[in-house]
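Colleague:
Numbering (UniProt numbering), first residue to last: 1 to 89.
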């Protein structure tokens with residue numbers, strides 16, 4: 001594997017993740033994605049990016065499983081129509 005294949009630019013990361021270059025730059029700046037800032041540009045290790053995306057995918061799947069509870073699956077039925085008129089006692 002060549003050195004060029006081991007590191008990705010922001011353009012390449014955006015293409016892989018199918019998102020905007022600005023989004024990738026924001027995630028790199030916040031530390032959500034792994035990368036090194038050299039001068040004005042970013043260098044992203046390909047192996048670290050793949051590992052981080054896998055971590056995020058596993059965490060997101062766990063959150064989705066946790067949010068599904070039996071009560072959340074079946075919504076409560078709403079009462080329809082007007083309430084009945086009741087005579088005072």
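Built from N, CA and C at the ideal position, the CB exists for glycine as well.
Just so it is clear, the structure is predicted and the values come from calculations on it, not from any experiment.
By Cβ distance, which residues of its chain are closer than 6 Å to residue 35, with the 5 residues on each side in sequence left out?
Modeller: Translated into positions along the chain shown, residue 35 becomes position 35. So the list reads 28, 42 and 44, once near-sequence residues are dropped.
Colleague: What would DSSP say about residue 8, mapped onto helix, strand or coil?
Modeller: Counting from 1 along the chain shown, the entry for residue 8 is found at position 8. Three-state DSSP puts residue 8 in a strand.
Colleague: For residue 68, which three-state DSSP category applies?
Modeller: Position 68 of the chain shown, counted from the start, is the residue given in the question as residue 68. Under the three-state reduction of DSSP, residue 68 is assigned to coil, being neither helix nor strand.
Colleague: Could you give the C-beta distance for residue 49 and residue 13, rounded to a whole number, given that I count them as a contact under 8 Å?
Modeller: Stepping through the chain shown from its first residue, residue 49 is reached at position 49. Stepping through the chain shown from its first residue, residue 13 is reached at position 13. The pair is a contact, with the Cβ atoms about 7 Å apart (cut-off 8 Å).
Colleague: Using a 10 Å radius around the Cβ and a threshold of 16 neighbouring Cβ atoms, would you call residue 58 buried or exposed?
Modeller: Sequence index remark: in the chain shown, residue 58 carries index 58 (1-based). That one is exposed.
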